[in-house]
Amino acid sequence: MTQASNTQAPALKLAPTPGQTIGPFYGYALPFDKDNELVNQARPGAVRLHGVVTDGAGTPIPDALLEIWQADEDGNVVSKDGSLVRDGYTFTGWGRTAVDNVGHYTFTTLNPGATEEGKAPFIMLTVFARGLLNRLFTRIYLPEDTAALANDPLLASLDEAGRKTLIATREADGSLRFDISLQGEGETVFLSYPRES
Amino acid sequence: MSTETTSNEAFTDSHVLDPAATADSQESISKEITDIHAAYRQSVVDGAKAETQPRIDFAPYRSSLLRHPTKSLHHADPETIELHSPAFGERDVHALESDLTIQHNGEPIGERIVVAGRVLDGDGRPVAGQLVEIWQANAAGRYIHKRDQHPAPIDPNFTGVGRAITGPNGEYSFTTIKPAPYPWKNHHNAWRPAHIHFSLFGTDFTQRMITQMYFPGDPLFSLDPIYQAITDAEARDRLVATYDHSITSHEWATGYNWDIVLTGSNRTWMEDEEGDH
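Protein chains in written order, with our numbering: chain A, 336 to 532; chain R, 26 to 302.
Here you go:
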């Protein structure tokens, strides 16, 4: 298996364009009909993924936008268009949602399968917010496969407190709960990848 | 609290109800910016790598104070899903969505412009067939957003939202109206330089980005803590479009060119390496 690292990664040929905050006024531009419904709620296997986004004072943030990107139930990465015009049948693997006035978000999605045998399944998450000058990436791991979680290279590189922030909680009704703390108590571990600069 | 804040609250023109809003003067904000930039330039002289992205911890932008992680980002080796991106296509976006001047019955007020360029990855390869989304204020500096209460006129013929799918060479083109600067509440008499918000996807989801495109020569650049959160002057310049007379069209619209470079794809080199084993 390939292990990437910044030392092996080839240097960029062009300097990347800087990011900027999403600002306060994305609400009439980026959300779209059924943006957070990767699958219809009625579909067998449909799962609610939800949580709250909080700031360094523990206060919910009412102006964050989240996106998820994930494999399907069998661990396949899908490459299907139609995310912006949800037909209720096509699983595209990508969704977007603005948090509500109390910082809460909800996606309706599927539990992703392991993309490779023995790998811990996770959902990729991107956070945008007013006051956040560049997007943040993290992973939402499913809690069930404890053996795979124990072998996961990223989780193994974190201390217990950090590891906990990346593993979702399964609620009694089957929902996945994943809270996002931008700062302070229980601060979520956010990720960088090779070849960012 | 100064009387300034009190008098502002007496008006209904509160642009954004921001608890982080302050009564600080532009002078004190500018001084903070100058000091951070001077420290950055010294660090580069001392051998630090040039920065390409904004600081996420940038106190002159007051809303960032409680909204940035205090721990450094944790390195992750990208795995399968992170080496791919969602797919978008003609099903998602109609070709006419790239013209923001034809969304209503009449012509919007303002200076008609075309903003065109290419989306490239960090290796200079075009990002083809991907989604580009933009949103912006109108020619008076007003957004169609319930939270924007800046007392400038709404234009019934301008929403300020556009989408496009990049062409085979990563090219995009939007026809729109030049947005105006607008006030905000970061500090007293704070004004944002005119800008268009851009949302971009690459071939890997790790290249996902949202940014703002600015116009050349804006006198508000040096005063703006969002733009100046990019401490490196060359990096800041990368957000400024270029006036391009070859994009300008006869008796119709002036033209601006702006190319966007995403971070590097990890898929190609990791797959190549995989093949070597």
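All C-beta atoms in this analysis are idealised placements derived from N, C-alpha and C, irrespective of residue type, glycine included. For clarity, every value in this text was computed on a predicted model and none was experimentally measured.
Residues from the segment 424-450 of chain A in contact with chain R, defined by Cβ distance under 7 Å | 427, 428, 429 and 450
Can you name, in chain order, every residue of its own chain whose Cβ lies under 7 Å from the Cβ of residue 132/R, other than the five neighbours on each side?
-> 126 and 182
Reference residue 58/R; option with closest CA among 178/R, 249/R, 172/R and 280/R = 249/R
Are the CB atoms of residue 509/A and residue 374/A nearer to each other than 8 Å?
-> no
Please check if any C-beta of chain A sits within less than 8 Å of the C-beta of residue 72/R.
-> no
Taking DSSP as the reference, what is the three-state secondary structure of residue 285/R?
-> strand
Name the two residues that bound the continuous beta strand (DSSP E) containing residue 237/R.
-> 234-239
Could you pull the start and end residues of the alpha helix (DSSP H) that residue 259/R belongs to?
-> 258-262
Cβ-Cβ separation, residue 226/R to residue 233/R (assumed contact under 8 Å), whole Å | 6 Å
To the nearest angstrom, report how far apart residue 56/R and residue 377/A are at their CA atoms.
-> 56 Å
Measure from the alpha carbon of residue 511/A to the alpha carbon of each residue in 348/A, 394/A, 458/A and 532/A, then state which is nearest.
-> 458/A
Cβ-based neighbour list, residue 338/A, same chain, cut-off 7 Å, excluding 5 preceding and 5 following = Residue placement at residue 338/A is flagged as unreliable, the pLDDT there being 47, under the threshold of 50; a coordinate-derived value is accordingly withheld.
Take residue 346/A and list the residues in its own chain whose beta-carbon comes closer than 7 Å to its own, dropping the five residues that flank it on each side.
-> none
Within chain A, the residues that residue 83/R reaches when beta carbons sit closer than 9 Å | 468
Around the Cβ of residue 348/A, are there at least 16 other Cβ atoms within 10 angstroms (buried) or fewer (exposed)?
-> exposed
Looking only at its own chain, which residues have a Cβ that is under 8 Å from the Cβ of residue 448/A, when we skip the five neighbours before and after it?
-> 406, 407, 408, 409, 410, 411 and 456
Compare the C-alpha of residue 99/R against each of 504/A, 520/A, 500/A and 514/A and name the closest.
-> 500/A
Identity of the residue in 167/R, 184/R, 185/R and 186/R nearest residue 178/R by Cα = 167/R
Could you tell me which of 231/R, 122/R and 137/R sits nearest to residue 186/R, measuring between CA atoms?
-> 122/R
For the beta strand (DSSP E) that residue 383/A lies in, which residues bound it at each end?
-> 382-389
Using a Cβ-Cβ cut-off of 8 Å, state whether residue 480/A counts as contacting chain R.
-> no
Residues of its chain near residue 54/R, where Cβ-Cβ distance is below 8 Å and the 5 sequence neighbours each way are ignored = 85, 211, 212, 215, 248 and 250
Three-state secondary structure (DSSP) at residue 466/A?
-> coil
Hey, how far is the Cα of residue 421/A from the Cα of residue 358/A?
-> 26 Å
Would you list, in chain order, the members of the segment 248-277 of chain R that have their beta-carbon closer than 8 Å to a beta-carbon of chain A?
-> 251, 252, 254, 255, 259, 260, 261, 263 and 264
Proximity to residue 169/R [Cα-Cα], best of 111/R, 204/R, 188/R and 109/R | 204/R
Looking only at its own chain, which residues have a Cβ that is under 7 Å from the Cβ of residue 107/R, when we skip the five neighbours before and after it?
-> 229, 230 and 231
So who's on the other strand from residue 434/A, going by DSSP bridges?
-> BP columns for residue 434/A are empty, so no partner.
Neighbourhood of residue 464/A by C-beta, 8 Å cutoff - its chain only, sequence neighbours within 5 removed = 356, 357, 388, 396, 398, 399, 400 and 517
Mapping DSSP to helix, strand and coil, what is residue 497/A?
-> helix
Looking only at C-alpha atoms, which of 252/R, 265/R, 220/R and 268/R sits nearest to residue 360/A?
-> 220/R
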